[in-house]
């Protein structure tokens with residue numbers, strides 16, 4: 448809240464339209480938002496949603512796969528997060544990854 452300099456009776460109220468980086472509640476809000484979007488996943492992506500729920504630590508997705516084919520499938524399917532403007536990137540592997 449802020450007071451108008453000319454008129455102290457007029458209070459200006461501002462609100463954040465984005466989560467401010469570094470706030471104590473930021474990790475909780477990120478987790479709640481991710482869970483909300485993963486709860487709305489339907490159809491063939493149920494297994495992917497299950498993997499993603501277990502794989503996030505704050506804003507990092509950490510998981511592993513036994514085969515390169517499983518990894519490639521995960522990379523392609525994880526693009527469902529882009530509908531919520533979450534983009535996974537920074538893939539690491541012992542082999543070259545096409546993303």
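Numbering (this note's numbering), first residue to last: 448 to 546.
Ideal placement from N, C-alpha and C gives every residue a C-beta, glycine not left out.
All of these numbers come straight from a predicted model, not from anything done at the bench.
Report task. Reducing DSSP to helix, strand and coil, say where residue 458 ends up. Result -> The three-state reading of DSSP puts residue 458 in strand, counting E and B together.
Query raised in the report: For residue 524 versus residue 492, is the C-beta spacing smaller than 8 Å?
Result: In this structure, residue 492 lies closer than 8 Å to residue 524 by Cβ.
Query - Extent of the continuous alpha helix (DSSP H) to which residue 475 belongs - result: Run containing residue 475: 473 to 486, per the alpha helix (DSSP H) assignment.
Query - Inter-stretch contact at 8 Å, needing at least 3 Cβ pairs: the stretch 501 to 518 / the stretch 461 to 469 - result: Short answer: they don't touch.
Query raised in the report: Who does residue 494 pair with in a DSSP beta bridge?
Result: The partner list for residue 494 (beta bridge, DSSP) is empty, contrary to what the question assumes.
**Report entry** Through-space distance from residue 450 to residue 485, alpha-carbon basis
**Finding:** Between residue 485 and residue 450, the C-alpha separation is close to 42 Å.
Query raised in the report: Applying the criterion that 16 or more other CB atoms from any shown protein chain within 10 Å of the CB defines a buried residue, is residue 531 buried or exposed?
Result: Under this definition residue 531 is an exposed residue.
Report task. Pick helix, strand or coil for residue 533, following the three-state DSSP scheme. Result -> Coil at residue 533, not helix or strand.
Query raised in the report: Shortest alpha-carbon distance to residue 483 belongs to which of 518, 496, 537, 539?
Result: Among 518, 496, 537, 539, the Cα nearest to that of residue 483 belongs to 496.
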